[in-house]
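Position one of the sequence shown corresponds to residue 1006 (my numbering), numbered consecutively onward. Here a beta-carbon is modelled for each residue, glycine too, at the ideal position from N, C-alpha and C.
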Amino acid sequence: QFDKKTENNAYQTEHDELFAAIAKGDYKFADAERGAFSTMTSILGRMATYTGQMIEWDKAINCGLDLHPKVYDWNALPPLVPDADGHYPIAIPGVTKYF
C-alpha cells in the first residue's frame, strides 16, 4: 500500500523533475525518437499481422500509408463503417495489402 506521508509518488517525482528541467532549460528527457520508434514498431506489427508477410522497416516507412482522418469534424463519418449486416471490414493475412 502506498503511504503518501512517507513515500514519494513516482509519477509526481517524474513530473517535478521534468518541469524543473524545462524551467531551467536543461531538458534531458529526449524521448521523442524513442517514442517514434516505438510507434513505428507497433505499426510494423500491425502491417505484418494484417498482411501475413514479413515487413521491412524501410519499405513500411516509404509505403505512403496515411492513417490520419480525411476530415477533422465531430460530425464526420469514421474511416470504417459496418456493412448492412453490422460487420466491419477486417484484415485477412495474405489478402490485405499495404504495398
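The shortest C-alpha to C-alpha distance from I1095 to any of R1051, D1008 and N1013 is the one to R1051. The alpha-carbon separation between L1049 and W1062 amounts to approximately 7 Å.
Shown here, A1096 sits in coil according to DSSP, grouped into three states, outside any helix or strand.
Counted as a single uninterrupted DSSP element, the alpha helix (DSSP H) harbouring I1027 occupies residues A1015 to K1029.
Remark: C-beta atoms of Y1103 and L1070 approach each other more closely than 9 Å.
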